[in-house]
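To start, the structure under review is shown below, and the notes come after it.
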Amino acid sequence: MLRHVAEVPSALQSLAERLAAVARAETLPRWRTGLEADNKDSEGSWDPVTEADRGSERAMRTLLEAEEPSHGVDGEEFPSRPAQGRFRWSLDPIDGTRAFVCGFPTWTTLIALLDDDRPVLGIIDAPALDELYLGTPGGSALIQAAHRVPLQSSGCLTLPQARVSTTDPFLFDAAGQEAFGQVRAAARTIRYGFDAYAYARLAAGSIDLVIESGLKTYDYHALIPVVRGAGGTFGDWYGGEDYRDGKVIAAASRKLYDAAVEIMSAA
Numbered sequence: 199m200l201r202h203v204a205e206v207p208s209a210l211q212s213l214a215e216r217l218a219a220v221a222r223a224e225t226l227p228r229w230r231t232g233l234e235a236d237n238k239d240s241e242g243s244w245d246p247v248t249e250a251d252r253g254s255e256r257a258m259r260t261l262l263e264a265e266e267p268s269h270g271v272d273g274e275e276f277p278s279r280p281a282q283g284r285f286r287w288s289l290d291p292i293d294g295t296r297a298f299v300c301g302f303p304t305w306t307t308l309i310a311l312l313d314d315d316r317p318v319l320g321i322i323d324a325p326a327l328d329e330l331y332l333g334t335p336g337g338s339a340l341i342q343a344a345h346r347v348p349l350q351s352s353g354c355l356t357l358p359q360a361r362v363s364t365t366d367p368f369l370f371d372a373a374g375q376e377a378f379g380q381v382r383a384a385a386r387t388i389r390y391g392f393d394a395y396a397y398a399r400l401a402a403g404s405i406d407l408v409i410e411s412g413l414k415t416y417d418y419h420a421l422i423p424v425v426r427g428a429g430g431t432f433g434d435w436y437g438g439e440d441y442r443d444g445k446v447i448a449a450a451s452r453k454l455y456d457a458a459v460e461i462m463s464a465a
C-alpha cells in the first residue's frame with residue numbers, strides 16, 4: 199500500500215496531471231458553445247452526457263493505454279478495463295455536466311489513482327477556472343500554471359460556524375431531506391449546486407461541510423485524497439467508510455464531521 203506521498207511514484211503523479219491536461223483539451227474548447235446533450239436516463243429524468251464528456255474520457259483512456267496498459271480503468275462513460283496489478287484509475291470526465299451545459303464554470307474533471315482499491319491520489323480539475331486541486335497522503339495543493347499553493351481546510355469545529363454545501367437537497371430521500379434540514383437550520387450558511395467543486399473549496403478552506411447522497415465511485419474516489427490531504431475528514435453518514443449507497447460527508451475537522459454524523463445517521 200502507498201502510505202506516504204514519497205511512496206507515490208513521481209511518474210504516476212506526473213501522469214495524473216497529464217491526464218487532467220488532455221481532458222481539458224477536450225472539454226474547455228467545447229464549453230459555452232451550445233453543445234447538445236444526450237439524455238442517459240430512459241426513465242424520465244435528465245442525466246445529460248455530451249461529446250465533451252465522451253471525448254475527455256477517451257483522451258484519458260488513450261493516454262493510460264499508451265503509458266500504463268496494466269493499470270485498470272473505471273470511468274463514467276465507457277466499460278471498465280480490469281487491472282493486471284495493484285493500480286487502478288477512476289475517471290469522471292465531467293462532474294457537473296448540468297453546470298457545463300448551462301454555462302456555469304464550476305464543472306470539474308475527477309481523476310483518482312487507487313492502490314489495491316484505496317484512493318491514494320486525487321485530482322479535482324476545474325478547467326474553466328484554471329484551478330487544479332491535487333491531493334495525496336502527503337498533502338493537497340492548488341496548482342495554477344507553474345504555481346503550487348499548499349491547501350489547508352478551515353478547521354471549523356461547530357455547525358453554527360459552518361459554511362455548508364450540497365449539490366441539491368432534493369436528491370436526498372425523505373429521511374435525508376429531514377435530517378439535512380436540521381443541518382441547514384443549525385449552519386451559518388448554505389450554498390447549493392457546486393458538485394465536486396464544493397469539495398475542492400473545502401480543501402481550500404472556504405467551505406466547511408459537504409453532505410451528499412447517491413454518489414458513484416467515480417464521483418467520490420478523487421475527492422478523498424484532496425479533502426484528507428488538506429486536513430479534512432471524509433466518511434459516510436454513519437461514521438465509517440462504507441460508500442456503497444453513495445452517502446458521503448466531507449468536513450473541515452473531525453469534530454464537525456462527528457456533529458454532522460450525529461444528525462445524518464438518523465436518516
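Quick note on numbering: this note's numbering labels position 34 of the sequence shown as 232, and the sequence is numbered without any gaps.
The beta carbon of each residue, even a glycine, is placed where N, CA and C say it ideally should be.
Source: prediction; values computed, not measured.
So the alpha helix (DSSP H) residue i belongs to, where does it begin and stop?
i	result
Pro423	421–427
Val220	208–225
What's the call for residue i, buried or exposed, on a 16-neighbour Cβ count within 10 Å?
i	result
Ser254	buried
Asp443	exposed
Arg201	For Arg201, the pLDDT reaches just 42, beneath the cut-off of 50, and the residue's location in the model is therefore unreliable, leaving the point undetermined.
Thr260	exposed
Gly438	exposed
Glu263	exposed
Ala379	Checking the displayed sequence, the identity of residue 379 turns out to be Gly instead of Ala. Classification of Gly379: exposed, given that the 10 Å Cβ count is below 16.
Met199	Annotation note: pLDDT 38 at Met199 (below 50); position unreliable, coordinate value reported separately. When all chains shown are included, Met199 counts as exposed.
Ala204	Only weak support exists for where Ala204 lies, its pLDDT of 47 falling under 50; the value from the coordinates is given anyway. Result: exposed.
Ala360	buried
His345	exposed
Ser411	buried
Can you check whether the CB of residue j is closer than 8 Å to the CB of residue i?
i	j	result
Asp290	Glu274	yes
Tyr397	Asp366	no
Val299	Ala235	yes
Ala385	Val362	yes
Phe285	Leu311	yes
Gly320	Val424	yes
Gln350	Gly403	yes
Thr356	Ala428	no
Ile292	Thr225	yes
Tyr331	Ala401	yes
Name the one or two DSSP bridge partners that residue i has.
i	result
Val347	Leu340
Pro317	Leu312
Val362	Ile388, Leu407
Trp287	Val271, Leu311
Asp293	Thr306
Thr334	Gly337
Ala324	Glu329
Ala401	The partner list for Ala401 (beta bridge, DSSP) is empty, contrary to what the question assumes.
Asp236	Val247
Ala449	Leu407, Thr431
Select from the options the residue whose C-alpha is nearest the C-alpha of residue i.
i	options	result
Ile422	Ser338, Ile461, Ala344	Ser338
Asp314	Phe370, Ser411, Val271, Gly333	Val271
Phe392	Ala324, Met258, Gly433, Leu311	Ala324
Gln282	Ser268, Leu400, Ser288	Ser268
Leu413	Phe370, Gly333, Arg296, Ala449	Phe370
Gln342	Cys354, Pro207, Ile322	Ile322
Leu217	Met258, Gly379, Leu308	Met258
Val381	Ala464, Arg230, Glu241, Ala223	Ala464
Arg296	Asp251, Ala457, Tyr331	Asp251
Glu238	Thr231, Arg230, Ala448, Val247	Note that residue 238 is Lys in the sequence shown here, rather than Glu. When each option's Cα is compared against that of Lys238, the closest is Val247.
Arg230	Leu332, Leu213, Arg452, Phe302	Phe302
Trp244	Pro280, Ser212, Gly294	Gly294
Arg399	Trp305, Asp440, Ser212	Trp305
Which stretch, first to last residue, makes up the beta strand (DSSP E) that contains residue i?
i	result
Leu355	First-last for Leu355: undefined, no H or E at that position.
Phe432	431–434
Tyr441	That residue, Tyr441, is in no beta strand (DSSP E); it is neither H nor E in DSSP.
Please confirm if residue i has its CB atom under 8 Å from at least one CB of chain C.
i	result
Arg286	Any reference to chain C falls outside this structure, which holds one protein chain only.
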